[in-house]
Amino acid sequence: MAPSGSLTEREALSARSVPSMVLSDGSSSSLTPPPISKFEVEPTTGARRRFSVRGNAIVTGGAGTLGLQACDALLEHGLEGLMIFDLDPANGEQEITRLRFKFPDRKICTYAVDITSEVAVQNGIEETLRQLGSVDILVCFAGVVGCVDALEMPASQWRKIIDINTTGSFICAQAAARQMVKQGHGGSITFIASISAHRVNFPQPQVAYNVSKAALLMLKSSLAAEWARYGIRVNSVSPGYMDTILNEGEGLDIHRRIWAERNPSGRMGSPPELTGAIVLLASSAGSYMNGTDIIVDGGATVF
Ligand SMILES: NC(=O)c1ccc[n+]([C@@H]2O[C@H](COP(=O)([O-])OP(=O)(O)OC[C@H]3O[C@@H](n4cnc5c(N)ncnc54)[C@H](O)[C@@H]3O)[C@@H](O)[C@H]2O)c1
Ligand SMILES: OC[C@@H](O)C(O)[C@H](O)CO
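Sequential numbering from 1 applies to the sequence shown in the UniProt record's numbering.
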């Protein structure tokens, strides 16, 4: 507790002296710091839990394997309300019911939405506001993969992968950020890229997927630069090969062995192992993280 008459930490931060910058024409300009999100604890406040997640989140692809794990972890760390956007939320019905039992005091909603449609995403934002009252966090898991030799790939398949993984993530980020700007207390946006954004996959050909995820890294940096003035942080997480349905199926057994062998950790990742990075970026512990990418791959990209 601050002694009487002294400034509280937030007051001190708002009242901190604004540095003066001398411009090239000799005049001077004041640098106005962007607002600190009301959901983020100021860096020097030690008493509060640094990894607590506050406010309401939209998780796209939240009915998928990694998205569901992330929802669980965000709720575990204090998330107040959750809206899952997914093409088919029914796919995750059993797990979503389990989350409702595990966190009976939180509001957990779903909305069937194709993230490539601006109208559908905007309708989803409005439904989120009706159900939860605000949009403070967005995590974009919705994505698809396609393993096709580049010489054989029809342009329609290329377009579909780019449209969902890259353009769909942009549409969601733009709609959420517009709402965050209106609310006036910032927010956190996290894209799910991949090690495929950093390295070409081996042995499977995935040109469109690799390009779609690499584009997300530049999208993240560009939006981080544009939206920091509103207190909105934009980051990404790049998972390596995780043990999920996306990486199961006919012919993938040999791939799975190769992916494990080419990894210094000697194995694929388990879905909960991705959640630390997601919670960090959404929580007050990540309050100075903006425009960054966190690789969670067991070391696959060191080679
Ligand atoms: N599993 C991995 O090893 C791995 C590695 C790196 C990156 N990733 C990325 O993580 C994300 C999630 O992967 P996952 O393994 O959980 O896959 P998943 O298939 O289990 O989940 C993806 C979810 O996205 C939804 N979706 C697809 N298209 C959509 C659209 N147009 N609109 C709304 N929702 C849509 C699906 O219905 C599904 O629920 C993907 O973006 C994927 O590229 C996964
Ligand atoms: O790079 C790994 C992932 O992005 C993805 O799971 C994989 O490439 C799908 O086959």
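The beta carbon of each residue, even a glycine, is placed where N, CA and C say it ideally should be.
Note that the structure is a prediction, hence the values are computed from the model and not measured.
Three-state class that DSSP yields for residue i in the structure shown
i: M21; result: In this prediction, M21 has a pLDDT of 39, which is less than 50 and means its spatial position is unreliable; what the coordinates show is noted afterwards. In this structure, M21 counts as strand in the three-state DSSP scheme.
i: L68; result: helix
i: C172; result: helix
i: M83; result: strand
i: I115; result: coil
i: P43; result: Reliability of the predicted coordinates at P43 is poor, the pLDDT of 49 falling under 50, and the value obtained from them is presented with this limitation in mind. Correct three-state label for P43: coil.
i: V302; result: helix
i: V59; result: strand
i: L138; result: strand
i: M268; result: coil
i: M180; result: helix
For residue j and residue i, believed in contact at Cβ under 8 Å, the rounded distance
i: L74; j: I254; result: Rounded, the Cβ-Cβ distance is 35 Å, inconsistent with contact.
i: L223; j: A173; result: 6 Å
i: A57; j: L87; result: At roughly 19 Å, the Cβ-Cβ gap does not stay under 8 Å, so A57 and L87 are not in contact.
i: V237; j: I294; result: 5 Å
i: I245; j: T65; result: 6 Å
i: E95; j: L68; result: 5 Å
i: N210; j: L281; result: About 23 Å; that fails the 8 Å criterion.
i: R106; j: L82; result: 7 Å
i: I232; j: I189; result: 6 Å
i: F141; j: L219; result: Actually they are not in contact, since the Cβ atoms of F141 and L219 sit about 15 Å apart, beyond 8 Å.
i: S283; j: V121; result: Incorrect: roughly 25 Å between the Cβ atoms, too far for contact.
Bounding residues of the alpha helix (DSSP H) (the contiguous stretch that carries residue i)
i: G276; result: 275 to 282
i: R257; result: 252 to 261
i: S221; result: 207 to 227
i: T97; result: 93 to 102
i: S156; result: 155 to 162
Cβ of residue i within 7 Å of any chain C Cβ
i: E118; result: Protein chains in the displayed structure number just one, and chain C is not present.
Check whether residue i and residue j have beta carbons under 7 Å apart
i: V302; j: L274; result: no
i: residue 316; j: G55; result: It is not possible to answer for residue 316, since the shown part of the chain is limited to 1 through 303.
i: I161; j: G146; result: yes
i: H77; j: F101; result: no
i: G291; j: S221; result: yes
i: I195; j: G143; result: no
i: A260; j: G266; result: yes
i: G168; j: T116; result: yes
i: P205; j: D149; result: yes
i: G298; j: N263; result: yes
i: A214; j: A197; result: yes
Endpoints, the beta strand (DSSP E) within which residue i is located
i: N123; result: No beta strand (DSSP E) holds N123; the alpha helix (DSSP H) holding it covers 118 to 132.
i: N235; result: 232 to 239
i: Y111; result: 107 to 112
i: G55; result: Looking at the DSSP string, G55 is not in any beta strand (DSSP E), and its letter there is neither H nor E.
i: D293; result: 293 to 296
i: F191; result: 187 to 192
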